[in-house]
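As given, the protein sequences belong to chains R and W, one line each in that order.
Residues 1 to 79 in full-length UniProt numbering are what the first sequence spells out, letter by letter.
Residues 1 to 79 in full-length UniProt numbering are what the second sequence spells out, letter by letter.
Note that beta-carbon positions come from the ideal geometry of N, C-alpha and C, so glycine has one too.
2 protein chains.
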Amino acid sequence: MERDYNKIKADFGSHIRSIRDSKKYSLRVVASKCNLDDSNISKIENGKFNVQLSTIIELARGLEVHPSALLEYDFSFEM
Amino acid sequence: MERDYNKIKADFGSHIRSIRDSKKYSLRVVASKCNLDDSNISKIENGKFNVQLSTIIELARGLEVHPSALLEYDFSFEM
DNA sequence: ATAAATGCGGTAGTATATAACCGCAAAAAA
DNA sequence: TTTTTTGCGGTTATATACTACCGCATTTAT
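Now the structure itself:
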């Protein structure tokens, strides 16, 4: 039985979206700057994926931020 | 064909190990504080896994650091 | 010397992340 | 209004992360 990581996935997705929104990049613009498909980035933002490390790095490239910035938000509830 | 993420995996593993070493925690101690198996943490440290987001969060719990700290190292070469 | 702790390799089964598409409905731009 | 952009849901196939074990060889402690 796999643990429930829905909140983790949803929170990560929201954070990605807020970074993308703040840069005013469309999904396709981000996708064009990394090796990801725009529809998959959409799924990530909507909390549908438990992304892998390599995908986090790609997202950071597409969003032009340091990878650690993608995890800079509140995790207090689950720690 | 999947891209070669070996360097990403290896660098992440080294970083995890350096944090664990600095805290002087054994693999089993870290494992006891999160939902991971000690032998799998060993594999992560040795660059054998492209870990998922949930695993990064679990590692952070086990190592008692904020998840973003697990990505705070140099990525310059691949960005 | 004996016992305990440690790192780590192996395994099998299951779940799921991802790539790479398609096409639509709504919003924005022309 | 027509055109373009945008977000997003769906699909299929493949790779691989993960769980949860076992046991060994080396190191460290007693």
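Neighbouring residues, chain R, relative to residue i (Cβ below 9 angstroms)
i: W:H66; result: L71, E72, F75, M79
i: W:K9; result: L53, S54
Buried/exposed call for residue i, threshold 16 Cβ in 10 Å
i: R:K9; result: buried
i: W:R20; result: buried
i: W:R3; result: exposed
Under 9 angstroms from the C-beta of residue i: neighbouring residues of chain W
i: R:Y5; result: Q52, L53, S54, I57
_Members of the segment 33-46 of chain R that neighbour chain W once the beta carbon cut-off is set at 8 angstroms_ = So the list reads N35, given in the order they occur along the chain.
*Which runs of the alpha helix (DSSP H), 4 residues or longer, sit entirely within the UniProt domain "HTH cro/C1-type" (16-70) of chain R?*
Under the rule that a run must span 4 or more residues, the alpha helix (DSSP H) segments found entirely inside the UniProt domain "HTH cro/C1-type" (16-70) of chain R read 27-32, 38-45, 53-63.
_Between the segment 60-68 of chain W and the segment 25-34 of chain W, can you find at least three pairs of beta-carbon atoms closer than 8 angstroms?_
The segment 25-34 of chain W, when compared against the segment 60-68 of chain W, does touch it at the 8 angstroms Cβ threshold.
*asked:* Any contact between the segment 36-52 of chain W and the segment 11-20 of chain W? By contact I mean 3 or more CB pairs, one from each, below 8 angstroms.
replied: Look at the beta carbons and you see the segment 36-52 of chain W touching the segment 11-20 of chain W: at least three pairs across the two are nearer than 8 angstroms.
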